[in-house]
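As structure tokens, the structure follows; a few thoughts come after it.
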Amino acid sequence: MASNSSSSGGSDRQRIAQQRLRIIAGHLQRPAGDDSALLAAECKDQGSKSDASSEEKTVPRRRQEIMKWNGWGYSDSRFLFNKKGQAEFTGKRYKLSGMIIPGLKEWFEGTFGANLQHKSPATPILNSSAVRPPTLNEAFVEELKSTGVPFSHDAEDRVFRAYGHCVHEIFALREGRIGRVPDLVVWPNCHNDVVKIVELACKHNVCLIPYGGGTSVSSALECPSEETRSIVSLDTSQMNRILWIDEKNLTAHVEAGIVGQDLERLLNESGYCTGHEPDSMEFSSLGGWVATRASGMKKNIYGNIEDLVVHIKMVTPRGVIEKSCQGPRMSTGPDVHHFILGSEGTLGVVTEVTMKIRPMPEYQKYGSVVFPNFEQGVACLREVAKQFKGFDPNRLCVATLLFEGNREKVLQHEKQVYDIAAKFGGLAAGEDNGQRGYMLTFVIAYLRDLGMDYYVMGESFETSVPWDRVLDICQNVKARIVHECKERGVQFTPLSTCRVTQTYDAGACVYFYFGFNYRGLSDPVHVYEQVEHAAREEILANGGSLSHHHGVGKLRKEWMSETVSNVGIGMLKSVKDYVDPNNIFGNRNLF
457 MASNSSSSGG SDRQRIAQQR LRIIAGHLQR PAGDDSALLA AECKDQGSKS DASSEEKTVP
517 RRRQEIMKWN GWGYSDSRFL FNKKGQAEFT GKRYKLSGMI IPGLKEWFEG TFGANLQHKS
577 PATPILNSSA VRPPTLNEAF VEELKSTGVP FSHDAEDRVF RAYGHCVHEI FALREGRIGR
637 VPDLVVWPNC HNDVVKIVEL ACKHNVCLIP YGGGTSVSSA LECPSEETRS IVSLDTSQMN
697 RILWIDEKNL TAHVEAGIVG QDLERLLNES GYCTGHEPDS MEFSSLGGWV ATRASGMKKN
757 IYGNIEDLVV HIKMVTPRGV IEKSCQGPRM STGPDVHHFI LGSEGTLGVV TEVTMKIRPM
817 PEYQKYGSVV FPNFEQGVAC LREVAKQFKG FDPNRLCVAT LLFEGNREKV LQHEKQVYDI
877 AAKFGGLAAG EDNGQRGYML TFVIAYLRDL GMDYYVMGES FETSVPWDRV LDICQNVKAR
937 IVHECKERGV QFTPLSTCRV TQTYDAGACV YFYFGFNYRG LSDPVHVYEQ VEHAAREEIL
997 ANGGSLSHHH GVGKLRKEWM SETVSNVGIG MLKSVKDYVD PNNIFGNRNL F
């Protein structure tokens, strides 16, 4: 294993040593064939631990201990306007924490017409009496007790797993309006626990909804209101271990409940990384990435999730799906993994994933480029995508850059990018601005909650589109948003903007952002949904995809037939009918 000479303090060295011993043990015990005995033993050991035993994991069983129940992220981290009227970011978890953000107040008031004297505060505490009592399948619960798998029907636990982060979901929580929620939450500790839970659910006809990081923005976690069976949220957060690292083949076998920041931290301690960094990586899980076909900010270097996956294990009502070979490529008919990737919890639960890993980059450098206009910036990104790969052209009003690799290649790529940028009128804006832009990606979701405190509602959505349509789709969708807001009585001109995020040889991913001041609107969520619906129609009319990486869920499934054809929907339904004939995984996403 690679050494980590930067570790300081006896406790840190001991923790890292223990982690490495576990990885070595995984190498020694990794079976060539059937691994059920090993996993059963590991599962038993994990299950014998107390709730607080895993000091290395970020997500506790009771997430509400550290995270907001009605907003994004950590409870101690938020944007606010202090008594002096200055914008600041609270907490100690981010580089931005404790800092005053000059200009945010003026931008906020000027862009949205917001008045800091007019607040729309959220309901601070969940009223448990507003949560309908659980509908328990007593026979299921009784048999579940014998498995030793932890479970709860506490109101807070159930509500926390009933919502993702769509505008209508968060708005309802802020107002204390609670709809259908799971009746029970279960926390499996390993693959074998999941097998037991699924078998019991099939036996007693219980509806299962897998829950990873809870960062969905597609209504994927909403409990179907028409579901009459007992609904069980299967929370994978306690399945959070790296089971082994194979240094010869540069792969790692990981439990699917681990969140992105823990996965990278644990791999980094051994000198490796995956390089997969979606905006939500702090809280989203490996299983969720697989289930939604996730993409990350460094995809130009490391690839999207489908490029990183070597092997997937998934538990379905029919049994366990997994390949018998972990070779890099197989010609054995359609790839079974592609039935699992993007399945959004409709077929089963992803329990373990073997991923490609890489040695940590020896050199990392940020950068940024300012362009005279958006069109020149897009033209530059297209040219860079043509000439070479191995960079990450990111974010905000300027192009934010991150170069990784050995020092020689980083400096070479940096020069190439800046030379190309100069041809399109780009000016280097400095490494500090690049680092700030990259860092803002992880806190930008907190801005939505700030807006909602002052009658401002906003959200983002994404698409992928061929290069020759990027400028048209950006112009037309932004104009459509402004038009729809005006038609629906929004008094102030809305924020309507976009950014190009990931680039490909044949096209790009485009993010759209819009927000508006909803004072004076009787049903702002309905207005928001109408505008977003119109914007999605405009995206499709301009040749954009239904989604690049957020997924379909229930929010966008009305367009699935148009997107993949009726025959395509029939194929998907046929797989569902075979794998899950009784609709045990009944979240009703996709179709």
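In my numbering, the protein residues as written are 457 to 1047.
Heads up, the beta-carbon is just placed ideally off N, CA and C, and yes, glycines get one too.
Quiz item: By a C-beta neighbour count over all protein chains shown, 10 Å radius and 16 as the cutoff for buried, is CYS781 buried or exposed?
Solution: exposed
Quiz item: Taking DSSP as the reference, what is the three-state secondary structure of PRO980?
Solution: helix
Exercise. Look up GLU703 in the DSSP assignment and say whether it is helix, strand or coil.
Key: coil
Quiz item: Among TYR902, GLU887 and LYS865, which residue has its Cα nearest to the Cα of GLY547?
Solution: TYR902
Practice problem: Would you identify the three-state DSSP class for ARG721, choosing helix, strand or coil? | Solution: helix
Exercise. Give the straight-line distance between the Cα atoms of GLY1042 and LEU722, rounded to the nearest whole angstrom.
Key: 34 Å
Exercise. Taking all protein chains shown into account, decide if SER693 is buried (16 or more other Cβ within 10 angstroms of its Cβ) or exposed.
Key: buried
Quiz item: Looking only at DSSP bridge pairs, what is PHE970 linked to?
Solution: GLU915 and SER952
Exercise. Look at SER689 and PRO638 and say whether their C-beta atoms are less than 7 Å apart.
Key: yes
Practice problem: Starting from the Cα of ASN1038, find the closest Cα among ILE522, PRO773 and TYR530 and give me that residue. | Solution: PRO773
Quiz item: What does VAL805 pair with, by DSSP beta-bridge criteria?
Solution: VAL771
Practice problem: Please list, in chain order, all residues of the same chain as TYR974 whose beta carbon is under 6 Å from its beta carbon, the five residues on each side excluded. | Solution: TYR911, MET913 and PRO980
Self-check item: DSSP-derived helix/strand/coil call for THR748
Solution: helix
Exercise. Kindly give me the distance between the Cβ atoms of PHE968 and PHE917, rounded to whole angstroms, as I take these residues to be in contact under 8 Å.
Key: 6 Å
Quiz item: So who's on the other strand from ALA964, going by DSSP bridges?
Solution: VAL921 and THR959
Quiz prompt | Continuous beta strand (DSSP E) assignments of at least 3 residues falling wholly in the stretch 647-722 | solution = 663-667, 687-691, 698-702 and 707-711
Self-check item: PHE537: first and last residue of the uninterrupted beta strand (DSSP E) it sits in
Solution: 535-537
Quiz prompt | Beta-carbon proximity of HIS1005 to ALA750, cut-off 7 Å | solution = yes
Quiz prompt | Whether VAL926 touches ALA991 by CB criterion (7 Å) | solution = no
Practice problem: Drop a sphere of 10 angstroms on the beta-carbon of ASN593, count the other beta-carbons inside from all chains shown, and report buried for 16 or more, exposed for fewer. | Solution: buried
Exercise. Tell me where the alpha helix (DSSP H) around LEU764 begins and ends.
Key: 761-764
Quiz item: So what does DSSP say about GLU738, is it helix, strand or coil?
Solution: coil
Self-check item: Residue from PHE596, LEU719, HIS793 and VAL765 whose Cα sits closest to the Cα of SER686
Solution: PHE596
Practice problem: Give me the Cα-Cα distance between ILE875 and CYS836, rounded to the nearest whole angstrom. | Solution: Before going on, a small fix: residue 875 reads as Asp here, not Ile. Near 10 Å, if we compare the C-alpha coordinates of CYS836 and ASP875.
Self-check item: Unbroken alpha helix (DSSP H) run spanning SER602, endpoints
Solution: 594-603
Practice problem: Kindly give me the distance between the Cβ atoms of THR807 and VAL650, rounded to whole angstroms, as I take these residues to be in contact under 8 Å. | Solution: 5 Å
Exercise. Only counting runs of 4 or more residues, tell me where the alpha helix (DSSP H) segments fall wholly within the stretch 806-837, in order along the chain.
Key: none
Quiz item: Can GLY893 and PHE827 be called in contact, C-beta distance under 7 Å?
Solution: no
Exercise. Please classify HIS861: does DSSP put it in a helix, a strand, or coil?
Key: Contrary to the premise, residue 861 reads as Gly rather than His in this sequence. GLY861 falls in the strand class under three-state DSSP.
Quiz item: Ordered along the chain, which non-local residues of its own chain (more than five positions away) have a Cβ less than 6 Å from that of TYR1034?
Solution: none
Exercise. Measuring alpha carbon to alpha carbon, tell me which of PHE880, THR949 and ARG955 ends up nearest GLY566.
Key: THR949
Quiz item: Should HIS794 be counted as a contact of the ligand FAD given a C-beta to heavy atom distance under 6 Å?
Solution: The ligand content of the structure shown is nil, which means the ligand FAD is not present either.
Self-check item: Alpha-carbon spacing of LEU1028 relative to PHE830, whole angstroms
Solution: 39 Å
Practice problem: Please classify PHE1041: does DSSP put it in a helix, a strand, or coil? | Solution: coil
Self-check item: Residues sharing a beta bridge with MET523, DSSP
Solution: TYR530
Exercise. Report the three-state DSSP secondary structure of VAL926 (helix, strand or coil).
Key: helix
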